[in-house]
Each structure stands twice: as structure tokens, then as C-alpha cells.
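Going down the list, the sequences are from chains U and D.
Heads up: the first sequence begins at 1 in the UniProt record's numbering, then just goes up one per residue.
Heads up: the second sequence begins at 1 in the UniProt record's numbering, then just goes up one per residue.
One structure below.
There are 2 protein chains.
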Amino acid sequence: MEEDVAKINDNYLKLKAGYLFPEIGRRVRAFAAANPEAKVIRLGIGDVTQPLTPTILKAFHDAVDDLATENSFMGYGPEQGYDFLIDAIIEKSYKPLGVDLKTTEMFISDGSKCDCANILDIFALDNTVAIGDPVYPVYNDTNVMIGRTGDADDKGYYKGLVYMPCTEENGFFPAYPKEKVDMIYLCFPNNPTGAVATKEQLKGWVDYALANDSIILFDAAYEAFITDPSIPHSIYEVEGAKKCAIEFRSFSKTAGFTGVRCGLVVVPEELEGTTSTGEKYSFNKLWLRRQTTKFNGASYPVQKAAAAVYTEQGWKETQANIDYYMENARIIREGLTAAGLTVYGGVNAPYIWLKTPAGLTSWDFFDKLLNDCHVVGTPGSGFGPSGEGYFRLSAFGNRDNVVEAVERIKKNFKK
Amino acid sequence: MEEDVAKINDNYLKLKAGYLFPEIGRRVRAFAAANPEAKVIRLGIGDVTQPLTPTILKAFHDAVDDLATENSFMGYGPEQGYDFLIDAIIEKSYKPLGVDLKTTEMFISDGSKCDCANILDIFALDNTVAIGDPVYPVYNDTNVMIGRTGDADDKGYYKGLVYMPCTEENGFFPAYPKEKVDMIYLCFPNNPTGAVATKEQLKGWVDYALANDSIILFDAAYEAFITDPSIPHSIYEVEGAKKCAIEFRSFSKTAGFTGVRCGLVVVPEELEGTTSTGEKYSFNKLWLRRQTTKFNGASYPVQKAAAAVYTEQGWKETQANIDYYMENARIIREGLTAAGLTVYGGVNAPYIWLKTPAGLTSWDFFDKLLNDCHVVGTPGSGFGPSGEGYFRLSAFGNRDNVVEAVERIKKNFKK
């Protein structure tokens with residue numbers, strides 16, 4: 001009877017190793033156990049450190065209070081999110097970019113990781129997918145888990161996915177794939193490299209997608225960290241993008257919501273795919289059906305807190321936190337440069353992408369940084385084969401810690 | 001080039017109609033627009049009405065305050081949930097049943113709908129699935145969406161799924177399928193019929209699953225409404241269930257969290273499936289990988305609020321809300337019986353399942369109840385073909401509304 005036991009989704013077994021961050025966690029715990037006196041500074045996982053702002057906190061508390069009386073109680077909300085939040089985002093965050101969106105084109109969620117992963121549900125499995133290399137591991141791993149790939153080769157490339165190397169040589173900006181691809185993940189400002197895309201560069205991708213009938217999955221989780229007014233915050237700033245792009249945004253880094261959980265997806269009504277019989281069909285309708293059936297909406301008090309980000313005072317406070325992190329980025333970037341390291345990113349983006357010195361592998365550098373400086377970062381190779389020889393530091397730390405980490409690195413690495 | 005556009009997941013097109021509750025919403029909105037003076041009482045969707053209890057509110061506020069200072073700030077938490085919540089549930093809600101669970105066997109989520117839907121990710125597509133009829137539509141629809149079925153027939157049965165009719169004739173308790181099935185959804189106390197399973201009945205299913213190498217997906221979302229001490233709250237009260245069952249629970253109805261969002265899944269370490277090469281593999285490991293890659297944990301303040309349910313005072317208050325709803329159930333059940341209607345459920349379960357009178361279809365009865373009594377319920381046929389001729393009323397209303405709804409029904413239906 002053995003052979004009749006319920007079968008597992010075998011695709012999971014193709015995944016090479018544990019998810020990157022748990023592995024980092026294991027190494028840091030082992031180091032801390034062996035060196036209990038060491039003050040470890042974490043600039044690795046990219047978790048925020050600054051508290052929610054007063055205006056956001058007040059809205060959060062007020063919404064919890066709504067749940068205290070029968071008259072103001074809020075039960076099931078719309079699975080796609082409350083209009084009060086959707087309309088605030090459209091009005092305050094998209095309209096100033098010249099981007100008009102309908103309420104029905106935006107979907108609020110409990111976070112961008114879920115959205116980036118779940119979006120695959122509405123696409124046929126036989127679409128060809130292109131991802132960056134290095135890349136946010138969720139894009140890669142969820143495509144493996146859903147069964148779009150074969151096994152990984154020795155380098156870590158999964159058969160069936162198209163990888164677009166982003167290296168020093170191409171300025172960390174991917175070249176158009178040579179083969180026809182149906183879905184393309186783009187992330188700008190980029191995690192992990194900190195690279196940004198100019199409007200011209202984004203236009204190139206939109207034109208490419210329109211010409212090749214591809215859909216762009218555009219991850220804009222870090223758009224709030226753009227300070228240069230010429231850099232686009234949304235792919236929809238490019239004409240034609242509504243016909244070829246889905247956009248993801250997150251409150252995690254923008255407003256310190258990593259533990260609070262809120263994100264959003266834009267699926268324009270103009271965006272169409274084809275059925276197996278060759279008819280056009282709306283991705284917006286598919287995503288609505290997906291979300292209403294498999295999701296029950298983000299937490300009501302969380303959505304109220306998120307909406308407060310877009311009040312005048314809320315935005316002022318949120319911007320101050322963003323400025324704080326971007327000053328951290330400057331300190332890291334300039335400090336590491338002064339230490340003789342080659343450093344990318346950290347401008348218009350909260351990640352610093354450094355070249356490991358002396359030919360060290362990414363994990364060797366991780367261990368060296370942890371052992372010598374008691375600083376935790378993220379090995380570039382964890383983001384893909386082309387990340388080997390690079391290392392990510394996050395600007396989301398506490399200022400004193402950032403300054404101390406940079407001092408320790410300077411002391412250790414300066415020739 | 002048309003034929004090269006990214007392809008959609010065609011399986012979505014097999015879905016017969018919109019999800020049940022949006023359709024109810026549309027009809028109610030149309031009625032309200034045409035009859036603006038009518039006081040419509042909603043006993044349909046099964047949303048709770050009573051506020052969060054004081055102890056839960058306090059914990060919720062305290063956790064929001066944790067996010068107000070850098071020292072107490074909580075960012076990314078464990079994707080599988082905080083130990084403070086998992087351990088409280090195990091200690092206060094499972095141990096008293098004689099069920100021992102490890103911390104690593106429980107996974108906290110943003111709601112049971114998501115869990116019931118997402119669990120399919122870790123199973124191979126070629127497993128055969130059995131579901132009740134009538135049934136919580138999510139079990140059916142998510143199996144269609146993931147591609148496990150063919151089209152629906154005229155009755156609404158999807159080819160490839162095994163349906164287990166639950167009717168007056170079998171006491172709303174499913175018979176074992178004649179064909180070999182790999183996965184079986186069971187829900188007790190049942191949504192929508194309000195039927196409960198005795199320990200002997202559950203033991204029958206566990207023994208069946210063990211003998212036939214099936215996995216039971218046990219939905220215990222309504223276990224808190226059981227008042228009869230002989231009725232099991234968890235399938236793990238039956239010996240051997242850890243080898244064959246995954247259990248889902250929710251805070252939605254138990255503690256009024258429909259808008260707050262928190263649920264949980266238990267995936268025992270002993271539970272194994274097989275790989276395509278016939279080796280055993282742990283479902284617990286697969287679910288951990290799924291959650292760490294595709295989910296980022298439930299909101300921290302929400303988990304703190306949920307943990308407060310299990311404090312002594314929190315549980316006393318929560319139990320008072322449950323008693324309130326169960327008194328509603330009694331009023332509906334007895335009132336409808338007095339009106340000459342045939343009524344099931346409403347004991348150990350918050351749903352009343354009534355037989356539509358005079359051979360009315362479920363939707364005819366829906367329209368009649370809405371037009372004549374201004375009361376909204378849920379058509380039984382919306383839960384599956386065997387629900388035709390039945391109708392669901394929920395006990396989650398406000399007491400005055402419940403009393404008034406029952407009076408209106410009595411007046412209209414009493415011979």
C-alpha cells in the first residue's frame with residue numbers, strides 16, 4: 001500500500017538550500033553562542049529599526065479602538081482592501097507622478113513577499129520567466145516551488161528559468177534576454193544591488209515587453225528611497241506600461257511595517273494575457289478572483305495605520321525616517337569607500353552592494369566580517385550566482401550601530 | 001505575435017460563478033437601493049458583530065505601543081509565528097484535550113481561509129481529493145484554480161473531485177468514498193450544516209485514513225462553539241490522527257478576529273507523504289519551507305492580541321462572547337422550529353441549517369426572505385449541489401437583530 005500515500009509537491013525538493021536568511025540566522029546564533037561578550041551589529045536581513053511614527057501610531061490605536069464597540073466594530077473587509085487606503089495611495093503617491101489609477105486596479109495585502117509569490121497563481125505554468133541574477137530569492141524559489149523549473153545546475157541556475165546577470169560590467173542593469181520570455185521580474189531600486197533605473201532605461205523595458213508580448217512584474221518595494229527627482233518611482237510613469245506591467249509596493253521599508261505587514265499590487269485593467277484557446281483575458285479579473293477566494297484582506301487596524309502614512313503630518317514623519325536611513329546609507333557608502341572597498345548602491349536605494357576584497361567569496365567575507373568586526377551582512381551569492389564576490393549591507397540600522405560598524409570595518413580593512 | 005502573449009492560468013475559467021458571498025452582496029445592495037426604508041438584518045455571511053473583549057484590546061494596544069520606541073520595536077518576526085502565541089495555544093487549548101504538540105508543529109497565519117487555500121501548494125497535483133457537499137466553497141474553488149479538476153457538470157460538480165453528499169438522509173455526515181482518495185477535507189463543527197462529529201465518528205475517519213493512506217485536512221474553525229463535553233475539539237484527540245491529519249483553526253469566530261486576521265495550522269512532525277520516487281517526506285518540513293518563502297508572518301500586534309485570548313481573564317471574556325452567539329443560535333433554532341420550519345445545527349455550532357419550505361429552491365428562499373422579512377441568509381446551493389433546498393443562518397448577529405429577524409420569519413412563515 002506504500003505507493004498510495006498522498007504525494008508531496010516534489011518541486012520543493014529541487015530547492016538547493018534553506019532560504020538565505022535562516023542560514024544567516026544560524027551562523028549568527030552559533031557565533032553569538034561562542035562569543036557571548038561580542039556586540040554583534042546586524043546590517044544583514046534589511047529589517048527596519050526605527051519606531052512607527054506618532055501619526056501612524058495614533059491611527060493604529062484609533063482603529064483598535066474602533067473594534068471596542070459594537071457600533072464601530074469592523075469585521076470582514078473587502079479582500080482587495082479598503083477604499084480609504086487604496087484611494088489615499090492613488091491620490092498621494094501615484095497622482096503626483098502623473099499616474100492615474102482606478103480604485104479597482106489596486107489590491108492591498110499583508111505584504112509584498114506574499115504578493116510577489118502569489119502572483120504566479122494566475123499565470124499558466126508554461127510561461128517562460130526571466131529573473132535578475134543576483135535577485136530577491138523569492139522570485140526564484142517560488143518559480144521552482146510551483147513547478148516551472150527543472151533541477152539546479154552546479155552554479156545554482158535552475159533549468160527552465162532565464163537568468164539576466166547584473167554585474168559590475170553592465171552597471172547592474174540587465175540586458176534584454178535573447179530568448180522569448182513571457183514574464184520578466186524587474187526590481188528598482190534594486191534589492192540587492194541598490195541599482196536604480198532611469199526613465200529611459202525603464203522605457204526600454206516597457207517597449208521591449210510591448211514588442212515581445214511579455215508581462216513585467218515590477219517590484220517597487222524601495223521606491224520611497226529615491227531622492228533624485230529624475231528617477232521614476234513607478235513603472236507606470238512610462239507610457240504603455242499599463243498594458244504590460246504589474247507593480248508591487250510595500251509599507252515594510254517605507255513606513256517601518258516589517259512586523260505590521262502591509263503591501264499592495266497594481267494590476268491595471270488594460271493588462272491582458274491569453275487563454276489556451278488564444279483569447280484575451282484580464283489579469284485584473286483573475287487577481288480579484290484569486291484574492292477573494294484565497295485571501296481575506298489585510299488587518300483593518302493595519303490598513304488604517306497604513307493610510308495615516310499619506311496624511312500631511314504622517315508623510316512628513318515618514319520622510320524623516322527615510323532620510324534617517326538614507327543618511328545611514330551615505331555613512332556606509334563613504335566609510336567603506338574610505339576603507340578602500342569598492343562600493344555600489346546606497347544612493348536612491350537603502351542597500352549598499354560592495355565587492356568583496358582580495359578575491360574572498362561572499363560567504364568567506366560574511367564569516368570574516370562576523371568574526372573580525374562582529375558585523376552581519378548578507379552574502380551576495382545568496383542572491384544568485386552573479387552575486388558571488390559581492391556583499392550586501394543594509395542602511396536600516398540604528399545610527400550609532402551603523403557608525404560603529406563602519407568604524408570597525410574601516411579599522412579592519414584599511415590598508 | 002498575438003499567440004505569444006503571456007498565458008493565463010486557464011483553470012480559473014472553469015469556475016462557474018463568482019464566489020458566493022459577493023453575489024449575495026450584489027443582491028442585497030440592489031434590494032437596499034430599491035427599498036431604502038427597509039431595515040435589512042444580515043444573518044448571511046457569518047461575520048461576527050460583537051466587539052473585541054477588553055483584555056484582547058489592551059494587549060492589542062500594548063503591542064502597538066511596543067512599536068513606538070526603538071528598544072521595544074518589533075520588525076520581521078518568525079514566518080511561522082511567535083512562540084509566545086504558539087505556546088499559549090498549545091498549553092491552554094490543546095493540552096486540556098490531552099493533545100501534546102511541539103512548538104514546531106504549529107504555524108500562525110493571517111487567517112484560516114489563506115491556510116485552507118495555501119495548503120494545496122505542498123501536495124502533488126495528481127492526488128485525488130474528496131470534499132463534502134455542501135461545503136465551504138474555498139475547498140472546492142482552490143482545487144479548481146490549482147488545476148486539479150476538469151470542468152463542472154450541469155449540477156456544479158467538477159470532474160476529478162470526489163464529492164461526499166451530506167444530507168438529511170445521512171444526518172449530514174459524509175460516507176467514506178468508494179474510490180481511493182489521497183486527501184479528504186473534513187469540517188466539524190460543520191460550515192454550513194452545523195453538524196458535529198462524535199469522537200467515534202472522527203475515529204472512523206482517522207482509521208479510514210490510516211488504512212487507505214489518505215491525509216485528512218481537518219477544519220476546526222468552529223471548535224470553540226462546542227458545548228457538549230463529549231464532542232472532540234481537535235482531530236488529534238483521536239489516536240493515530242497525527243499520522244494522517246492537518247488541522248486548521250481560526251481566531252475569526254472564536255475571538256471576533258474577522259477583521260483582525262489570525263489563524264493557525266497544525267502539521268504534525270509524524271505526518272508524511274511520498275515523493276514521486278516513493279520515499280517518505282515530512283509535510284511539516286514542506287509547510288515550513290512554503291511559509292518561510294511565501295509568507296512573512298502575521299502582524300505582531302495581532303499575534304499579541306491573539307495571545308491575550310488565552311489569559312485567564314481573556315478566555316473568560318471570550319467565552320462570554322461565544323455564549324452570546326450560542327444563545328442567538330438557540331433563539332433562531334427554537335423560533336424557526338416554532339414557525340414550522342425544519343431546522344438542523346445550532347447546537348455545538350454557530351450555524352443553523354434549515355430546510356426551505358414548500359419546495360422552494362435555496363435562491364428562491366433567499367429572495368423571499370430578503371423581500372418579505374428583510375433578512376439576509378445564505379442559500380444552501382451556494383455551498384454545493386446537495387445544499388439545494390437548504391438555507392444557512394448564522395448566529396453571529398446582534399441579539400436584538402436576531403430576535404427581530406426571528407419574529408419577522410415567524411410572522412411570515414407560521415401557518
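Where a beta carbon is used, it is the ideal one built from N, C-alpha and C, also for glycine.
Distance, residue j Cα to residue i Cα
i                     : j                     : result
residue 270 (chain D) : residue 283 (chain D) : 9 Å
residue 145 (chain D) : residue 394 (chain U) : 39 Å
residue 398 (chain U) : residue 258 (chain U) : 15 Å
residue 102 (chain D) : residue 209 (chain D) : 23 Å
residue 327 (chain D) : residue 50 (chain U)  : 47 Å
residue 131 (chain D) : residue 329 (chain D) : 26 Å
residue 160 (chain D) : residue 15 (chain U)  : 30 Å
residue 250 (chain D) : residue 343 (chain D) : 26 Å
residue 86 (chain D)  : residue 227 (chain U) : 42 Å
residue 4 (chain U)   : residue 214 (chain D) : 8 Å
residue 116 (chain U) : residue 152 (chain D) : 30 Å
residue 304 (chain U) : residue 60 (chain U)  : 6 Å
residue 236 (chain U) : residue 180 (chain U) : 23 Å
residue 38 (chain D)  : residue 321 (chain D) : 28 Å
residue 245 (chain D) : residue 225 (chain D) : 21 Å
residue 264 (chain U) : residue 315 (chain D) : 35 Å
residue 360 (chain U) : residue 156 (chain U) : 19 Å
residue 81 (chain D)  : residue 288 (chain D) : 11 Å
residue 30 (chain U)  : residue 268 (chain D) : 27 Å
Chain-ordered neighbours of residue i on chain D, where CB pairs are closer than 7 Å
i                     : result
residue 215 (chain U) : 6
residue 61 (chain U)  : 61, 64
residue 401 (chain U) : Within chain D, no residue comes near residue 401 (chain U); the closest Cβ sits about 11 Å away, beyond 7 Å.
residue 420 (chain U) : Residue 420 (chain U) lies beyond the range of chain U shown here (1 to 415); nothing can be said about it.
residue 124 (chain U) : 7, 8, 9, 10
Same chain, Cβ closer than 7 Å to residue i, neighbours up to 5 away in sequence not counted
i                     : result
residue 356 (chain D) : 362, 365, 389, 390, 391
residue 222 (chain D) : 189, 191, 253, 349, 350
residue 296 (chain D) : 76, 79
Contact set for residue i: own chain, Cβ-Cβ below 8 Å, skip 5 residues either direction
i                     : result
residue 380 (chain D) : 134, 192, 353, 356, 362, 387, 388, 389, 390, 391, 392
residue 1 (chain D)   : With a pLDDT of 41 at residue 1 (chain D), under the threshold of 50, the modelled position of this residue cannot be trusted; read the value that follows with caution. Excluding residues within five positions, none has a Cβ falling inside 8 Å.
residue 177 (chain D) : 130, 162, 164, 184
residue 67 (chain D)  : 73, 74, 300, 301
Chain D contact residues for residue i, given Cβ-Cβ distances below 9 Å
i                     : result
residue 43 (chain U)  : Within chain D, no residue comes near residue 43 (chain U); the closest Cβ sits about 13 Å away, beyond 9 Å.
residue 424 (chain U) : No answer is possible for residue 424 (chain U): it lies beyond the span of chain U, which begins at 1 and ends at 415.
residue 180 (chain U) : 4
Under 8 Å by beta carbon: chain D residues contacting residue i
i                     : result
residue 260 (chain U) : 67, 299, 300, 301
residue 50 (chain U)  : 70, 73
residue 281 (chain U) : 8, 13
residue 138 (chain U) : 293, 294
residue 275 (chain U) : 7, 8, 10, 13
Per-residue contacts from residue i into chain U (C-beta, under 9 Å)
i                     : result
residue 307 (chain D) : Per Cβ cutoff of 9 Å: no residues; residue 307 (chain D) is ~15 Å from chain U at best.
Boundaries of the alpha helix (DSSP H) in which residue i is found, first to last residue
i                     : result
residue 365 (chain U) : 362-368
residue 402 (chain D) : 399-413
residue 27 (chain D)  : 20-34
residue 206 (chain D) : 199-212
residue 336 (chain D) : 312-338
residue 139 (chain D) : 137-145
residue 304 (chain D) : 300-308
Same chain only: Cβ atoms within 6 Å of residue i, ignoring 5 sequence neighbours per side
i                     : result
residue 172 (chain D) : 166, 193, 195
residue 20 (chain D)  : 137, 382
residue 412 (chain D) : 372, 373
residue 44 (chain U)  : 24, 376, 377, 378
residue 118 (chain D) : none
Residue range of the beta strand (DSSP E) that includes residue i
i                     : result
residue 112 (chain D) : Residue 112 (chain D) -> not in any beta strand (DSSP E); alpha helix (DSSP H) instead, spanning 112-118.
residue 165 (chain U) : 161-165
residue 345 (chain D) : 343-345
residue 187 (chain U) : 183-187
Proximal chain U residues relative to residue i, where beta-carbon distance stays under 7 Å
i                     : result
residue 111 (chain D) : 296
Residues that residue i contacts on chain U, provided the C-beta gap is smaller than 8 Å
i                     : result
residue 47 (chain D)  : 75, 76
residue 114 (chain D) : 294, 295, 296
residue 100 (chain D) : Within chain U, no residue comes near residue 100 (chain D); the closest Cβ sits about 24 Å away, beyond 8 Å.
residue 22 (chain D)  : 292
Report the residue ranges of all alpha helix (DSSP H) runs contained in full by the segment 251-295 of chain U; include only those spanning at least 4 residues, in chain order.
-> Entirely contained in the segment 251-295 of chain U, the alpha helix (DSSP H) runs reaching 4 residues are, in chain order, 283-294.
Return the chain-ordered ranges of every beta strand (DSSP E) run that is complete within the segment 55-102 of chain U and spans a minimum of 3 residues.
-> Counting only runs of 3+ residues, no beta strand (DSSP E) is found wholly inside the segment 55-102 of chain U.
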